[in-house]
Amino acid sequence: MSVLAYSELLKRIVGIDEKILEKPYQIISKHNTTKNRLAVLKELARTEKNTIGRLLKNLKLNRSGGSYLTIKKYFLELEKEGLLKKEKVNKIEVWSFSEKYNDLKVFILR
Amino acid sequence: MIENFKKENIGPCKYDFELGEIFKHKKTKEIIDISKDKFPELIELKLPYVLKPGEYVLGRTIEKFNMPLELLSIYASNSIAFRLGMNILCGLNDPGYKGNAIFGIHNISQNKILLFRGMKLLETAFVELKGDATPVQTKFMGGRVL
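Following this line, the structure appears as structure tokens:
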């Protein structure tokens, strides 16, 4: 007889293996993920694909040059780590989570 | 295993339930005799609800179980409940049970306590069983209060 602990509960209730999340968590914590940045990541996970401007607008965050550039810099760092990917659609940069880290996207959303 | 769950309600080795609905026994002059299938009638109360000292209601969780056969869930009172002066009456959740968790809320304090939707009064630990369990057969399946 044994009692299920956090990682097993997470696996059975949410359907996510915590060990898979270790690497993306490391990446996120390495790049100074603030409350606002995490909110932007959550919004990206929710909307699947989006531009930074639209993400900030959805969250009613400041879309001025400084805020936009800070998030862009953050996204570029996460892109280098392979967590996010960007594609150009008619000169517009559209961001999404890379397939490799889909579990993180599911975890953030739930 | 749990429907309508919230990830943040998963604890170190437990899950915190949220209060979804409450019910009160209708007062009757007849004797409650379950051997004759005589159960009290229930009235659903609207949340938020002020629970008066000495008052007893039944709670139904927002979450729904779909218990696998290898697990047993043991309910317990959340610490906030007894800190406020509420006695939470609860038991076990058998393997194979499907439905919401039902529990009793008794205000044993001298104060009025506000009950609201999403209030965390009940928690559960899941125990892995040794051997094969048979699925539970109960008339309360599906989260029936009475």
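Listed in order, the protein sequences are those of chains G and D. Heads up, the first sequence is in the working numbering, so the first residue is 1 and it goes up one at a time. Heads up, the second sequence is in the working numbering, so the first residue is 111 and it goes up one at a time. Think of the CB as a built atom: it goes at the ideal place given N, C-alpha and C, for glycine as much as any other residue. Computed from a predicted model, the values in this text were never measured in an experiment.
- Going by beta carbons, I120 of chain D and E173 of chain D fall outside the 7 Å limit.
- Look at the region 219-247 of chain D: the residues with a C-beta under 8 Å from a C-beta of chain G are A235, F236, V237, E238, L239, K240.
- The Cβ of P122 of chain D sits closer than 7 Å to at least one Cβ of chain G.
- Under the three-state reduction of DSSP, L78 of chain G is assigned to helix.
- For N203 of chain D against F175 of chain D, the beta-carbon gap comes to about 6 Å, under 8 Å, which counts as contact.
- Contact residues of the region 6-33 of chain G toward chain D are Y6, L9, L10, R12, I13, V14 (C-beta to C-beta distance below 7 Å).
- Among the CB atoms of chain G, one or more fall inside 7 Å of the CB of M111 of chain D.
- Residue contact check for F115 of chain D against chain G: a CB pair falls below 7 Å.
- In this structure Y166 of chain D is not in contact with G130 of chain D, their Cβ atoms being roughly 18 Å apart against a cut-off of 8 Å.
- Scanning D:T248, D:V246, D:P245, D:V237 for the CA closest to the CA of M1 of chain G turns up D:V237.
- In the three-state reduction of the DSSP assignment, K86 of chain G falls in the strand class, which pools E and B.
- About 29 Å separates the Cβ atoms of L181 of chain D and L225 of chain D, ruling out a contact at the 8 Å cut-off.
- Taking 7 Å as the threshold, the shortest C-beta distance from L4 of chain G to chain D falls below it.
- Scanning chain G for C-beta atoms nearer than 7 Å to the C-beta of Y185 of chain D yields nothing, as the closest lies near 14 Å away.
- In this structure, the CA atom of Q247 of chain D is about 53 Å from the CA atom of E79 of chain G.
- Neighbours of Y125 of chain D in chain G, taken as residues at a C-beta separation under 8 Å, are given in chain order as L9, I13.
- In this model, F75 of chain G and L84 of chain G are separated by some 7 Å (Cα to Cα).
- In the DSSP assignment, G53 of chain G falls within the alpha helix (DSSP H) that extends over 52-58.
- Here K134 of chain D is bridged, per DSSP, to D:I153.
- Taking C-beta separations shorter than 6 Å and ignoring five residues to either side along the sequence, the partners of N58 of chain G in its chain run E43, following chain order.
- The Cβ-Cβ distance between I184 of chain D and L155 of chain D does not fall below 7 Å.
- Sequence-distant partners of I223 of chain D (beyond 5 residues in either direction) whose C-beta falls short of 8 Å from its own C-beta, in its chain, are V160, L161, L194, G195, M196, N217.
- Excluding sequence positions up to five before and after K73 of chain G, its CB lies less than 8 Å from no other CB in the same chain.
- If you ignore the 5 residues before and after I20 of chain G, its C-beta comes within less than 8 Å of the C-beta of D103, all in its own chain and listed in chain order.
- The straight-line gap separating the alpha-carbon atoms of K240 of chain D and E233 of chain D is approximately 23 Å.
- R170 of chain D carries a strand assignment under DSSP once its states are collapsed to helix, strand and coil.
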